[in-house]
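Student: Using this note's numbering, the first residue of the sequence shown is number 282, and each one after it goes up by one.
Using N, Cα and C, we set each Cβ at its ideal position, and we do this for glycine too.
Let me give you the structure first, and then I'll get to my questions.
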Amino acid sequence: MFVPERKFFYFLGGYMKGNLESLLNEIKAKIAEANSLENLTDVFNIYYAKKGKISELMQLMRNIPNEEKAEYGKEVNALKEEANLLLASKKQVLEQAALSQQLEQEKIDLTLPGKNYYTGGINPLFLIKDEIENIFIGMGYEIAEGPEIEADHFNFELLNIPADHPARDMQDSFYIDEKTLLRTHTSPVQARVMQEKKGQPIKIICPGKVFRRDDDDATHSHQFAQVEGLVIDKNINMANLKATLELFIRKMFGEKREIRLRSSYFPFTEPSVEVDVSCFECGGKGCSVCKGTGWIEILGAGMVHPNVLQMNGYNPEEYQGFAFGIGIERVAMLRYGIDDIRKFYTNDIRFLQQYVRIK
Ligand code: DAH
Numbered sequence: 282m283f284v285p286e287r288k289f290f291y292f293l294g295g296y297m298k299g300n301l302e303s304l305l306n307e308i309k310a311k312i313a314e315a316n317s318l319e320n321l322t323d324v325f326n327i328y329y330a331k332k333g334k335i336s337e338l339m340q341l342m343r344n345i346p347n348e349e350k351a352e353y354g355k356e357v358n359a360l361k362e363e364a365n366l367l368l369a370s371k372k373q374v375l376e377q378a379a380l381s382q383q384l385e386q387e388k389i390d391l392t393l394p395g396k397n398y399y400t401g402g403i404n405p406l407f408l409i410k411d412e413i414e415n416i417f418i419g420m421g422y423e424i425a426e427g428p429e430i431e432a433d434h435f436n437f438e439l440l441n442i443p444a445d446h447p448a449r450d451m452q453d454s455f456y457i458d459e460k461t462l463l464r465t466h467t468s469p470v471q472a473r474v475m476q477e478k479k480g481q482p483i484k485i486i487c488p489g490k491v492f493r494r495d496d497d498d499a500t501h502s503h504q505f506a507q508v509e510g511l512v513i514d515k516n517i518n519m520a521n522l523k524a525t526l527e528l529f530i531r532k533m534f535g536e537k538r539e540i541r542l543r544s545s546y547f548p549f550t551e552p553s554v555e556v557d558v559s560c561f562e563c564g565g566k567g568c569s570v571c572k573g574t575g576w577i578e579i580l581g582a583g584m585v586h587p588n589v590l591q592m593n594g595y596n597p598e599e600y601q602g603f604a605f606g607i608g609i610e611r612v613a614m615l616r617y618g619i620d621d622i623r624k625f626y627t628n629d630i631r632f633l634q635q636y637v638r639i640k
């Protein structure tokens, strides 16, 4: 028995007990005082950190007589637990307050004007190109492509326009060298596809850029766009051509439109026609759009010339075909009432934003 020591420890124990109580009160006061999450974290650190006051209490354990260690440990744990609960509930209160404050600050003012993003517009030329493509895809056509820098051979020779042919005058071009030029029309793609398909049936359209040495004005441009069409098979005749173009034109300009074929000349077709559509503005009575005639010229077409078939690997005795060439700007100008071809190319956003897909 070591009475004095026991007494000392009893004393210490009693002292510690009082100490625990006052420490708890101190923590409570600090928690109550904390008015932000940062403050509360500070409080936590003071008491719970490695060298914090609660850890200190645990270190004092070695001064407690063995038989009281359990009791002491329990009390320190009880204090820890209570302080923990108080911290947690205060934390919740402060978090809630912080959230409310944030929500208050972030309140959306629905009366403020919105941000206006600059979206531009799709060039009406492309709207029409897409529409033409969709109409022909709907009829089972495939889309073909060809180079814009083209060989004289494809641009002219294989289309039955030899070097000295007067038809070359109508399509003065930009030459890169004697044998190479910027294509003057999409028709060379006819020859290219025929050579590629090697005698198999063909049903293609080819949209693309073409170039001519022309002085630019409201209706002429040195660069413009066409859609070429070519169908080759056995038993293809002019009625097929007419039905195809009628369907295309009615989809493009309205179901009530009539078409008229006028005899014309292209070296690569025989017979050749210019195709007119009955005026969609006046219905045929005569107005400024149709220049009083009731008809609007829309495209060129014809039955593929036997020479062209032959030169490109098709036997004209066995195969026939029809072809057509549509000026995309012309169709777009008619559809949207655009009066100057140059507007398509100058990228004036005010012009471009006016056009939307009609269908
Ligand atoms: N290539 C002709 C031009 O640019 C347009 C044309 C006419 C194409 C009749 C054709 C056609 O395929 O059959 O003037």
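Can you tell me whether Thr461 is helix, strand or coil according to DSSP?
Tutor: strand
Student: Who pairs with Phe435 in a beta bridge, going by DSSP?
Tutor: Bridge partners of Phe435: none, in fact.
Student: Which one of Tyr617, Phe492 and Glu307 has the shortest CA to CA distance from Ile223?
Tutor: Residue 223 lies beyond the stretch modelled for the chain, which goes from 282 to 640, so this question has no answer here.
Student: Identify the residues that DSSP records as bridge partners of Cys487: which are they?
Tutor: When DSSP reads this structure, Cys487 sits in a beta bridge with Glu509.
Student: Does any heavy atom of ligand 1 sit closer than 7 Å to the C-beta of Ala604?
Tutor: yes
Student: Distance check for Phe407 and Ser544, CA to CA, integer angstroms please.
Tutor: 30 Å
Student: Helix, strand or coil, according to DSSP, for Thr392 in the structure here?
Tutor: Here Thr392 sits in coil by DSSP.
Student: Applying the criterion that 16 or more other CB atoms from any shown protein chain within 10 Å of the CB defines a buried residue, is Pro447 buried or exposed?
Tutor: When all chains shown are included, Pro447 counts as exposed.
Student: For Ser303 and Leu318, what's the separation of their Cα atoms in angstroms?
Tutor: 24 Å
Student: Please state the DSSP three-state secondary structure of Arg287.
Tutor: With a pLDDT of only 44 at Arg287, under the threshold of 50, the placement of this residue in the model should not be trusted; the figure read from the coordinates follows. Residue state, collapsed to three classes: helix.
Student: Tell me whether Ile312 sits in a helix, a strand or coil according to DSSP, three-state version.
Tutor: helix
Student: Can you tell me whether Ala582 sits near ligand 1, meaning its C-beta is under 7 Å from at least one heavy atom of the ligand?
Tutor: yes
Student: Pull the bridge partners of Glu423 from the DSSP assignment, please.
Tutor: Ile485
Student: Would the stretch 351-370 count as touching the stretch 323-340 if we require 3 or more Cβ pairs under 8 Å?
Tutor: yes
Student: According to DSSP, what are the bridge partners of Val554?
Tutor: Answer is Ser544 and Ala582, bridged to Val554.
Student: Flag Phe505 as yes when its Cβ comes closer than 7 Å to any non-hydrogen atom of ligand 1, and as no otherwise.
Tutor: no
Student: Assuming Glu414 contacts Pro488 under a Cβ cut-off of 8 Å, what Cβ separation, rounded to an integer in Å, is found between them?
Tutor: At roughly 6 Å, the Cβ-Cβ gap stays under 8 Å, so Glu414 and Pro488 are in contact.
Student: Excluding the five sequence neighbours on either side, which residues of its own chain have a C-beta within less than 8 Å of the C-beta of Leu321, listed in chain order?
Tutor: Ile312, Ala315, Leu368, Lys371, Lys372 and Leu375
Student: So, is His466 buried or exposed, given that buried needs 16 or more other C-beta atoms within 10 angstroms?
Tutor: Buried: at least 16 other Cβ atoms inside 10 Å.
Student: Can you have a look at Tyr636 and say buried or exposed, based on whether 16 or more other CB atoms are within 10 angstroms of its CB?
Tutor: It counts as buried.
Student: List the DSSP bridge partners of Ala330.
Tutor: Its beta-bridge partners do not exist; DSSP assigns none.
Student: Let me know the secondary structure DSSP gives Gln601 once reduced to three states.
Tutor: strand
Student: So, Leu391 versus Glu429, is the Cβ gap smaller than 8 Å?
Tutor: no
Student: When DSSP builds the beta bridges, which residues end up paired with Gln504?
Tutor: Phe492
Student: Measuring CA to CA, which of Asp629, Asp621 and Phe625 is closest to Asp498?
Tutor: Answer by Cα proximity: Asp621.
Student: Which word fits Ala582, buried or exposed, when buried means at least 16 other C-beta atoms lie within 10 angstroms of its C-beta?
Tutor: Burial of Ala582 is indicated by the presence of at least 16 other C-beta atoms within 10 angstroms of its C-beta.
Student: Of the residues Glu536, Ser553 and Phe534, which one's Cα is nearest the Cα of Leu542?
Tutor: Ser553
Student: Just to confirm my understanding: we take Gly594, look at its own chain, exclude 5 residues before and 5 after, and list those with CB closer than 8 Å. What are they?
Tutor: Met475, Gln476, Lys479 and Gly480
Student: Are the stretch 415-428 and the stretch 436-452 touching, with three or more C-beta to C-beta distances below 8 Å?
Tutor: no
Student: Cβ of Phe417 within 7 Å of any heavy atom in ligand 1?
Tutor: no
Student: Leaving aside the five residues before and after Tyr291 along the sequence, list all residues of the same chain whose C-beta is less than 7 Å from its C-beta, in chain order.
Tutor: Note that Tyr291 scores a pLDDT of 45, beneath 50, so its modelled location is shaky; the value from the coordinates is reported in the next line. There are no such residues.
Student: Please work out which residues of its chain come closer than 6 Å, Cβ to Cβ, to Ala378, disregarding the five sequence neighbours upstream and downstream, and give them in chain order.
Tutor: Correct list: empty, nothing qualifies.
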